[in-house]
Amino acid sequence: MAVIQTDVVIAGGGIGGTLLAALLVRGGKRVLIVERAKGPPPFLRPEVLWPPAAAALFALKPREFWESECLRPLGGITVDQGGRVEPFVTRVTLARAGVQPFLTQPNHTRETLLGICGAEVRRGVEVIGLLRDGMRVCGLQARVIENGETFEVEAALTVGDDGGESRVLEGCGIGIERREFPVEFIVRGLPWPAQWAPDVVRLYFPAQRGGGLMAFGVMPLPGAAAAALGVVRAGCADDVLAAELEQIFSHAAEVPQELRACGFPHGFTRIRRPWGHAERYGVEGAVLLGDAIHPVTPAGGQGANMAIADAVALARLILAGEKNLVAAYESARRSANERGVRPSRLAGRLFRLLNIPLLGALPGKLLPHLLRREAVVARLLRSLASASAR
Ligand SMILES: Cc1cc2nc3c(=O)[nH]c(=O)nc-3n(C[C@H](O)[C@H](O)[C@H](O)COP(=O)(O)OP(=O)(O)OC[C@H]3O[C@@H](n4cnc5c(N)ncnc54)[C@H](O)[C@@H]3O)c2cc1C
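Residue 63 is where the sequence shown starts when you use our numbering, and the numbers rise one by one after that.
Listed below in structure tokens is the structure:
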């Protein structure tokens, strides 16, 4: 069996793993990334990066580089409730909060990072197990998906960035309780309507509550593209969702053709996201980051931001030659990550409450008040922006 030797092997080329690779290569380490997928996922979804995460990318390449294809500064958010359009976040709110969020094209961002990280990247290869020297993890075993060939990678450090069902986490014997989230998400890409402001997110809420589709949003992305995301009750039938999306559009103030053409379920992907926080962040010879140790839902826009902050902290410790890496890393990141997991926990409770018939009408009653409280929205933005950074 072929054996490759390197300093650091990273299982999975998510946003955290590729950023870590870039930072380590710049620090003089030999890094190999083993990624199961041959290319980007076939679907597009929205993603928000908060300033600390964007700053980590800008430290690699100038801001203009990222803004050309991957990131777009958010200019505002409007809410359309049955044809009544109100500003939720404006430039004034953002200035008051002192926060500039970025909308990302997640697939481009990850592909760009993979391209510029400088590490050796093997794609179409899946990690199937870990190598051990006594108790210590000393690398991993991988299989080329196309032909079933297996090989081993021996490394001083093995990193797991292999997502919510991590083989590395399992191989390390680290426990995690993954909790069900009571709603699912529907996502798809579409062209951004030319007549709309290119940096304002549009949110739609159904005129009547209590159905399957709880909210729908469209986010502009670089390159005249957009990503749509709907929040739907778990297990709700496709035909019910299709009718409800149609109903939202029929009551909305303005629905350009690009959006109207988005008939559910065509072109949509349905996503479930369990969430949790691992008992430990690594074992001797191996550490983990991102969704592998703290899978989260899109609530509060934290997952990619946490993975990036993990990568920055890990790179600093590895390059400083930290002897007690797992303990130092965990002490640097656990409490910030716990704050990053919190929006998923709170949103899970909220959605469960909304399933109780009388409480289902609550968002419709509360939303208009929230929309008028700019100071509250600014505070919310500030706390989400910094939640999981450090
Ligand atoms: C609809 C939606 C909206 C979201 N919105 C936001 C948002 O606004 N802001 C935000 O910060 N986050 C958001 N997230 C969460 C965010 O996308 C994730 O938390 C983030 O991508 C996790 O990054 P990661 O580095 O952990 O790697 P992941 O993205 O989890 O990538 C893991 C990689 O490992 C690979 N892999 C898996 N198993 C193996 C194996 N055995 N061998 C080799 N490779 C393997 C996979 O192919 C994948 O490329 C959203 C998620 C969804 C689904």
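Here a beta-carbon is modelled for each residue, glycine too, at the ideal position from N, C-alpha and C. Since the model is a prediction, treat every value here as computed from it, not as a measurement.
Nonlocal neighbours in the same chain, by C-beta distance under 8 Å from residue i, ignoring five residues either side
| i | result |
| --- | --- |
| P253 | A286, A287, A288, E320 |
| V16 | Missing from the structure shown is residue 16; the chain here goes from 63 to 452 and no further. |
| G338 | I238, E239, R240, R241, H356, P357, V403 |
| L307 | L275, F278, G292, C324, G325, F326 |
Residues bridged to residue i [DSSP beta-bridge criterion]
| i | result |
| --- | --- |
| V199 | R194 |
| F278 | Y266, G292 |
| P108 | P108 pairs with nothing; no bridge assigned. |
| W337 | R241 |
| D142 | V147, Y266 |
| S248 | In the sequence under discussion, the amino acid at residue 248 is Ile, which differs from the Ser named in the question. DSSP lists G292, R332 as partners of I248. |
| L442 | DSSP output for L442 lists no bridge partner at all. |
| E211 | Answer by DSSP bridge pairing: none, since E211 is not bridged. |
| E188 | R205 |
| I380 | BP columns for I380 are empty, so no partner. |
| P253 | A287 |
| L133 | T166 |
| E40 | What the structure shows of the chain is the stretch from 63 to 452, and residue 40 is not part of that stretch, so it cannot be assessed. |
Which of helix, strand or coil DSSP assigns to residue i
| i | result |
| --- | --- |
| V37 | In the structure displayed, the chain extends from 63 to 452; residue 37 sits before or after that span and is not available. |
| R295 | strand |
| F267 | strand |
| M368 | helix |
| V302 | helix |
| R332 | strand |
| W128 | helix |
| Q319 | helix |
| Q167 | coil |
| Q309 | helix |
| R98 | coil |
| T155 | helix |
| A204 | strand |
| E392 | helix |
| D353 | helix |
| R435 | coil |
| F326 | coil |
| V65 | strand |
| G344 | strand |
| G222 | strand |
| L86 | helix |
Where residue i falls, given that 16 or more other Cβ within 10 Å makes a residue buried
| i | result |
| --- | --- |
| D142 | buried |
| S393 | exposed |
| L190 | A quick correction: the sequence has Ile, not Leu, at residue 190. Exposed: under 16 other Cβ atoms inside 10 Å. |
| I212 | The question names Ile, but residue 212 is Thr in the sequence shown. Exposed, since its Cβ has fewer than 16 Cβ neighbours within 10 Å. |
| A315 | exposed |
| G274 | buried |
| L428 | exposed |
| A83 | buried |
| Q167 | buried |
| L408 | exposed |
| L415 | exposed |
| R452 | exposed |
| L432 | exposed |
| K100 | exposed |
| V438 | exposed |
| R146 | exposed |
| K91 | buried |
| M197 | exposed |
| E126 | exposed |
Same chain, Cβ closer than 6 Å to residue i, five either side skipped, listed in chain order
| i | result |
| --- | --- |
| G402 | Q364, M368, A449, S450 |
| E182 | L94 |
| R334 | E246 |
| L106 | G251, A289 |
| V280 | R264, A288, A290 |
| E131 | H170, P284 |
| R172 | I77 |
Same chain only: Cβ atoms within 7 Å of residue i, ignoring 5 sequence neighbours per side
| i | result |
| --- | --- |
| L81 | A118, L175, I370, A373 |
| D224 | A73, G74, V189, V230, A354 |
| G233 | G191, L192 |
| Q309 | P268 |
Contact test: residue i Cβ vs ligand 2 heavy atom, cutoff 7 Å
| i | result |
| --- | --- |
| R98 | This structure does not include ligand 2; its bound ligands are ligand 1. |
**Item:** Any 3 or more C-beta pairs closer than 8 Å across the segment 243-261 and the segment 112-126
**Value:** no
**Request:** May I ask you to verify whether the segment 87-96 touches the segment 231-240, counting CB pairs closer than 8 Å and requiring at least 3?
**Result:** no
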